[in-house]
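See below for the structure under consideration.
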Amino acid sequence: MELSMFSSSTVEYVRLGVVYFHLIACCVAIGLVLTSDIAMVKQLLKGDASGHHDDAHMESLQKTVSLALVALWITGIGIVGIDYAGKGMEYFLNPKLQAKIGIVVLLTFNGFLLHSAVLPALKKAGSLLNLSFSLRMLALFSGALSAVSWFYAAMLGVGRPLAWKYSLVELLAAYPVLIVGGFGAMVLLT
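Written as structure tokens, this is what we have:
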């Protein structure tokens, strides 16, 4: 079914609605991830290893961020589908789109790692400071990757001027540097 069957204004309004829900899901996820990360950093700065985690809050946080990520995938696929229908296969050659998809795929795999290994270990230990060295390093790296990926993907999402202007390598040049920097900063805090 081609979009040419619909008026261009109808397609624009549908796309606007999908983008709006995409933005809301992004804001919810980033807001929760940011407040959770800030709380953890405050705990680390205080040297608090007691680990007063509210299990119900942690489960609610995990569930809400997971649902937001699912909503982002659904709305993101919707946006890509609408744009592909209007522009054809050439649309997928956009380096900004490629960068964003790559980061979101990595963010999703990292989310599975966080939810299956890191967060259960953190719940059991009570605090990041109580984890074994290897688990702490995994948690710090996975956390840095998560934080950087959420914000980098959001920046690419709103960065319309970046489309077609820079190569994929140029768009992603700062990404690994920020991950390593975030990981290094967290290692110094622990």
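Using this note's numbering, the letters of the sequence shown map in sequence onto residues 399 to 588.
Every residue, glycine too, gets a C-beta built ideally from N, C-alpha and C.
The model shown is predicted, which means the values in this text are computed figures rather than measured ones.
Cβ neighbours of Leu529 within its own chain (closer than 8 Å, five residues either side excluded): Ala519, Leu520, Ala523, Ala537.
Exclusion of the five residues before and after Met584 leaves Leu538, Gly541, Ala542 as the residues of its chain whose Cβ lies within less than 7 Å of its Cβ. Taking the Cα positions, Lys563 is about 9 Å away from Pro493. A straight line joining the alpha-carbon of Gly429 with that of Val463 spans about 9 Å.
Counting C-beta pairs with one atom in each stretch, the region 402-421 and the region 473-481 have three or more that are closer than 8 Å, which means they touch.
Per the C-alpha coordinates, the member of Ala437, Ser458, Ser544 positioned closest to Ile577 is Ser544. Beyond the five residues adjoining it in sequence on each side, Val431 comes within less than 8 Å, by CB distance, of Val463, Ser544, Ala545, Trp548 in the same chain, given in chain order. Within the region 504-575, the runs of alpha helix (DSSP H) that reach at least 4 residues and sit entirely inside it are, in chain order, 517-523, 531-556, 566-570.
The alpha carbon of Thr433 has as its nearest neighbour, out of His455, Ser405, Leu533, the alpha carbon of His455. Cβ atoms of Leu517 and Gln460 come within 8 Å of each other, at about 6 Å. Contact annotation: Leu554 and Ala469 have beta-carbon atoms that are not nearer than 8 Å. With a contact defined as Cβ atoms closer than 8 Å, Leu526 and Thr588 qualify at about 6 Å.
Here Ser405 carries a coil assignment [DSSP, helix/strand/coil]. A Cβ-Cβ contact shorter than 8 Å links Gly509 with Leu467.
Within the model, the alpha-carbon separation for Val575 versus Glu568 is close to 13 Å.
Nearest in C-alpha terms to Val416, of all of Ala427, Ile472, Ile436, is Ile472. If you check the CB distance, Leu505 and Ala572 do not come in under 8 Å. Gly445 carries a coil assignment under DSSP once its states are collapsed to helix, strand and coil.
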